[in-house]
Ligand code: DGL
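Residue numbers (our numbering): 26 to 300.
What follows is the structure, encoded as structure tokens:
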């Protein structure tokens, strides 16, 4: 039987919309309830135990919203609470999917030389959750982790290609280039928007793995396996922020993708025929 309850997606702010966008692309019949904790943004600079407390509160909120599955669409939150290196996970009556393991599983299969890089916030890298996930899923892979704390604010400011960003990315990635990684996990919700510059700096031989896309695929498998798919048509999503809703809306366009405002109709072949 179809399960029409929504999928809950939460993040520290708007970044998790990259995950929501990937989910909506793959699951057009599913409703998404998105919670952006913008009042307490960012998580990536905070202590892990503090973020763990936030995650417990947001999971409880999601259960109150009657979701059928929760996606922790934030690497820092996943690292602190959903897939931490001590393995203690939040208790919830529905599945809770994090963004780390789906990307790690794909990177482990993709690497040709066994050297994988991961970039993320300070909290994510400090947590060593990626190291833990590789230990469990692919212990033969050598992981090189690098915190890139400056990149989140560039993306929020809409700066994803200018020369200062290229310089910052070059300096952040230098240790990973020196380590000859051939696969790179984008371990932060904001980094998919920097894919252009990241590939430019790393070159075509380094494969980029987006945790957003890998997580969306994991959610599809989970819904199929657990018989949780919906049969909604034209699903309506709900977006909730703990901070300023106008600021959320402004930034959300960038992360969720622009929507069509109007469509013009032109038939150039008619003009050509009449001239
Ligand atoms: N959403 C966070 C992450 O993926 C990035 C922004 C923040 O620091 O809260 O780690």
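By construction, the Cβ of each residue, glycine as well, lies at the ideal position given by its N, Cα and C atoms.
| Item | Value |
| --- | --- |
| Cα-Cα separation between residue 41 and residue 284, rounded to whole angstroms | 18 Å |
| Status (buried if at least 16 other CB within 10 Å, exposed otherwise) for residue 274 | exposed |
| Environment of residue 282 [buried if 16+ CB atoms lie within 10 Å] | exposed |
| Strand pairing of residue 193, partner residues [DSSP] | In the DSSP output, where bridge partners are listed per residue, residue 193 has none listed. |
| Unbroken alpha helix (DSSP H) run spanning residue 273, endpoints | 270 to 281 |
| Cβ-based burial, residue 183 [other Cβ within 10 Å; buried from 16] | exposed |
| Ordered list of beta strand (DSSP E) runs contained in the segment 73 to 129, each at least 3 residues | 94 to 97 |
| Inter-residue Cα distance where the pair is residue 71 and residue 146 | 10 Å |
| Simplified DSSP state of residue 59, which is helix, strand or coil | strand |
| Where residue 69 falls, given that 16 or more other Cβ within 10 Å makes a residue buried | buried |
| Alpha helix (DSSP H) runs wholly inside the segment 188 to 236, at least 4 long, in chain order | 188 to 203, 220 to 227 |
| Bridge-paired residues (DSSP) for residue 36 | 61 |
| Distance cut-off 6 Å: residue 99 Cβ against heavy atoms of the ligand DGL | yes |
| Range covered by the beta strand (DSSP E) that runs through residue 263 | 263 to 266 |
| Whole-angstrom C-beta distance between residue 222 and residue 6, which should lie under 8 Å | It is not possible to answer for residue 6, since the shown part of the chain is limited to 26 through 300. |
| C-beta atoms of residue 91 and residue 29 nearer than 7 Å | no |
| Residue 40 beta carbon near the ligand DGL (any heavy atom closer than 6 Å) | yes |
| Residue 140 in three-state terms, based on DSSP | strand |
| Close Cβ partners of residue 83 (< 7 Å) along its chain, the five nearest in sequence each way excluded | 35, 60, 62 |
| Assigned secondary structure, residue 333 (DSSP; H/G/I helix, E/B strand, else coil) | Coverage of the chain is limited to positions 26 through 300, which leaves residue 333 absent and any answer about it impossible. |
| Contacts around residue 103, its chain only, beta-carbon distance under 6 Å, and the 5 residues preceding and following it disregarded | 97, 123, 124, 125 |
| Near the ligand DGL: residue 228 beta-carbon under 6 Å from a heavy atom | no |
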